[in-house]
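Quick note, the sequences are listed as chains A and B, same order.
Counting from 583, one number per residue, gives the positions in the first sequence under this note's numbering.
Counting from 583, one number per residue, gives the positions in the second sequence under this note's numbering.
Report on one structure; see the data block that follows.
2 protein chains.
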Amino acid sequence: MKRIYKAHLLFTKERSRFEVLENSYIAVENGCIVGVASDLSSLDYKSAEITDFGDCLLIPAMNDLHVHAPQYRNQGMAMDLELLPWLQNYTFPEEMKYADLHYADSLYRRFVFDLWRFGTMRACVFATVHTDSTRLLMHIFQEAGMGALVGKVGMNRNCPTELTESVEDMTQGCESLIEEFPQFYAQNSQPPTPLVRPIITPRFVPSCTPEMLRACGELAVRYQLPVQSHLSENKDEIAWVQALEPESSCYGDAYDRYGLFGQTPTVMAHCVWTDGEELELMKRRGVMVAHCPTSNLNLASGMAPIRKFLEKGLDVGLGSDISGGHNLSIFKVMVYAIQTSKMYYQQNQEMTFLTLPEVFWMATKSAGSFFGHVGSFEPGYEFDALVIDDSNLNFNNYSLLERLERYIYLGDDRQITHRFCRGREIKMQ
Amino acid sequence: MKRIYKAHLLFTKERSRFEVLENSYIAVENGCIVGVASDLSSLDYKSAEITDFGDCLLIPAMNDLHVHAPQYRNQGMAMDLELLPWLQNYTFPEEMKYADLHYADSLYRRFVFDLWRFGTMRACVFATVHTDSTRLLMHIFQEAGMGALVGKVGMNRNCPTELTESVEDMTQGCESLIEEFPQFYAQNSQPPTPLVRPIITPRFVPSCTPEMLRACGELAVRYQLPVQSHLSENKDEIAWVQALEPESSCYGDAYDRYGLFGQTPTVMAHCVWTDGEELELMKRRGVMVAHCPTSNLNLASGMAPIRKFLEKGLDVGLGSDISGGHNLSIFKVMVYAIQTSKMYYQQNQEMTFLTLPEVFWMATKSAGSFFGHVGSFEPGYEFDALVIDDSNLNFNNYSLLERLERYIYLGDDRQITHRFCRGREIKMQ
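Here's what the structure looks like:
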């Protein structure tokens, strides 16, 4: 069944500018976009059901490249410490609670609902070490019809006993999830890649012994699974990694030597202090950056040099990083990405600050590439989209681009009237 | 008629910590707080009407120390330039439209409604050069029952002809407003100081000839009116002021020599680059800082050294600075104030970052002091308050302080169920 949607289309085919198609049409079949046009007649529309969203904006849905589902309870609080003591004092105690499936069920459902509310249809998610509650989270995403790469977290040192797991248990737990959730990782697979899949997730080097890192790398390669972790977020953390892995030439190299740095598709969160050799290695290995500016401010980590990454040709997406970040809306993370880059520019004028199309592109087409053909309105892309009714913000003859900018800066969940993931409208409550 | 309100009371009597009174009572008479207690019996409650807000939080209302009402249309857009070209390209063209009373009426009503929506009950407001639309804005505040110091803006150089006014016309326009709106500026006046009053408002040194600045200073002293302007926001601006007023030892001195720097109560917005002699002069003259972190990020101005100001004993409040700032909610400005201070700290570890009680105190008791006894729940203070029903955020046994922190980080206008200004409940629509 072909469907055609009419609205004002705004998206970023390229990094540096918006495509703006006023009163235009998108044709969708089997979850994928089969045509985009300003006049209906140029589409094969005879058998299609047409939905007219009137004066609304239609934009690609948001992708969150880095978020900790079990930190949802701590969102918007406990912001008085830097990364390492913050983990010990606030984060680990909360994650321990996810041994309790009942607790996990209640909080994970709220978390997924809130992702949906703010228009995020795909996410790279850290769960906890607990296999059962990780499975539960994957089921919740699956029931919702939203896309997620969900990681059972590997950790076995420098953390509370309750969050420590043996390498064998980690491997076994991961394999049981891999068996249950088909893991085929390919962009043009037939049948289509499942929406919810496992992702190999060593927490970060300080939490993982070399054996744990090696086992994670082996799982990734054996099952051709993507990898996510944290990289160069905080100066104390980097010094600690250097002490723990003295033979590594940089933090990134400590992943690379265990097959966790681009051997399969890899996304690393933060990269605040990535430079020199580590930057070169990321480029060489095609490792993607999950830029989390809200978190980097809240935990006083620093300002990631995103302009430098882009000029180097690195792929960059955005992450909310709940609960280091407080804002689950990727629209607000875009605002923070621009603002942080302005502070960076203020101190390094050769690094021009990020523009609105650039951060929009990061959140949509660039981040979306980690999930397949996701994040743009081009034929062959999966139809992940949001309908924005911004009439309460649009009271004074704004252009379509001004309307989008104002929605990003001023809007919230109230203006999102419809959400689509892989062609299907996702409704909740 | 005495009224008593029951709820969880949270406020900052001192800068460094919250007062948290669970299930407690505030007694209000003639707009002022006459008693605060945890048990009703300790208040004289016999003749009082008691309102129970149940499990809601009751906090002081927000004060916005720096906002441009005629830039409301540009809120959340046009963020691609630094201060000086931004003024020329976006701000001045918009302000010109306020020669049209019809336009002003439509936009100013929306602006005041939005201030109300986000819980700001008092504001220091820049209008435009236009006397009639400035008067209109004052009437709108007066009708609403909200507090505002509103400035007809003085400007006569380096700006479009349409926004230029002669010194005589500026003086005459101000005097007509002063006549219409009683200007008596005293904290314990009987009858109480009017809620809406004029404030002397030279735009900033580059927009005002020495004659204009002198005339503004004379008006302030003659009518004992407060003063507001901009100070040391941007490096190019500072260099320009130095070129325009070469005999001034610093930007602040260029105001001081015309009687506009603490000769009457004065608030200066930004102070991003204030240091050394200017800082000393502000301290000596008791000039207050309106810290506008959102704007300072959006216009790539820099990070104001607020910890240094506090240690020096300067008074600091918060400002939204619409439309340099995009966020009219002072709660969100608090978040940005903490985040900016964390970036400052990240680069200057001796300057510890701002805490939640500190920014709350800035937005309430500290900023409130510019309007009288406003911003705290202490006997003798005017009852400016917000009722926060955060039940949708409070799903997991949070403490009262955690609930407040989460509201500040995650909440919006939807959780504000009642707003009070000087004891009166302010309702709109």
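In this text, a Cβ means the ideal position worked out from N, Cα and C, and glycines have one as well.
Check, Outcome
"Residue from A:L622, A:G658, A:A619 with nearest C-alpha to F913 (chain B)", "A:G658"
"Helix, strand or coil at S623 (chain A) [DSSP, three-state]", "helix"
"Inter-residue spacing [alpha-carbon to alpha-carbon] between Y833 (chain B) and S981 (chain A)", "38 Å"
"Inter-residue Cα distance where the pair is Y767 (chain B) and M720 (chain B)", "Since pLDDT at Y767 (chain B) reaches only 49, below the 50 mark, its modelled position is unreliable, and the value read off the structure follows with that caveat. Cα-Cα distance, rounded: 17 Å."
"Below-8 Å beta-carbon distance, I920 (chain A) vs any chain B residue", "yes"
"Residue from A:L665, A:A589, A:C874 whose Cα sits closest to the Cα of M885 (chain A)", "A:C874"
"Under 8 Å between C-beta atoms of W668 (chain A) and L881 (chain A)", "yes"
"Euclidean distance between Cα positions of A630 (chain B) and Y991 (chain B)", "35 Å"
"Test: K890 (chain B) CB closer than 8 Å to a CB of chain A", "no"
"Cutoff 8 Å: Y991 (chain A) Cβ touching any chain D Cβ", "This model lacks chain D altogether; the protein chains it does include are A and B."
"Per-residue DSSP class, three states only, for D897 (chain A)", "coil"
"Per-residue burial, T999 (chain A) [other beta carbons within 10 Å of its own, 16 or more giving buried]", "exposed"
"Separation of Y840 (chain A) from T783 (chain A), as counted between CA atoms", "13 Å"
"Endpoints, the alpha helix (DSSP H) within which F723 (chain B) is located", "713-726"
"Contact belief for L640 (chain B) with S620 (chain B) at Cβ below 8 Å, rounded distance in angstroms", "Rounded, the Cβ-Cβ distance is 13 Å, inconsistent with contact."
"Under the three-state DSSP convention, the category E611 (chain A) falls into", "strand"
"Reference M661 (chain A), options B:A802, B:M850, B:D995, B:A919, closest by Cα", "B:A919"
"Minimum length 3: unbroken beta strand (DSSP E) runs contained in the region 924-990 of chain A", "967-970"
"Q754 (chain A), DSSP secondary structure in three states", "helix"
"V707 (chain A) to N878 (chain B) span [Cα, whole Å]", "33 Å"
"Where the beta strand (DSSP E) through S789 (chain B) begins and ends", "Premise fails: S789 (chain B) is in no beta strand (DSSP E) and is neither H nor E."
"Sequence-distant residues of the same chain with beta carbon closer than 8 Å to K734 (chain A), five excluded per side", "A709, T710, V711, H712, T713, T716, M752, G755, C756, L759, P780, T783"
"Between the CA atoms of P652 (chain B) and L666 (chain B) - distance to the nearest angstrom", "17 Å"
"Rounded C-alpha distance that separates Y587 (chain A) from M644 (chain A)", "19 Å"
"Contacts that E984 (chain B) makes with chain A (C-beta to C-beta distance below 7 Å)", "M659"
"Test item: CB-CB of P961 (chain A) and I615 (chain A) under 8 Å", "yes"
"Within chain B, partners of Y927 (chain A) - CB distance below 8 Å", "A882"
"E987 (chain B) at chain A interface by Cβ criterion, 8 Å", "yes"
"Residues of its chain near S538 (chain A), where Cβ-Cβ distance is below 6 Å and the 5 sequence neighbours each way are ignored", "Because chain A is modelled from 583 through 1011, residue 538 (chain A) falls outside the range shown and cannot be assessed."
"Stretch-stretch touch, CB-based, cutoff 8 Å, three pairs: the region 815-822 of chain B with the region 799-807 of chain B", "no"
"Short CB-CB distance (under 8 Å) between N978 (chain A) and chain B", "yes"
"Interface flag, K924 (chain B) vs chain A, CB-CB below 8 Å", "yes"
"Closer than 8 Å to chain A by CB, T633 (chain B)", "no"
"Buried or exposed (CB count within 10 angstroms, at least 16 for buried), K924 (chain A)", "buried"
"In DSSP terms, what F593 (chain A) is bridged to", "A:E601"
"Sequence-distant residues of its chain with Cβ nearer than 7 Å to K949 (chain A) (five each side left out)", "The sequence shown places Ala at residue 949 (chain A), rather than the Lys named in the question. The residues are N645, L647, G899, L900, G957."
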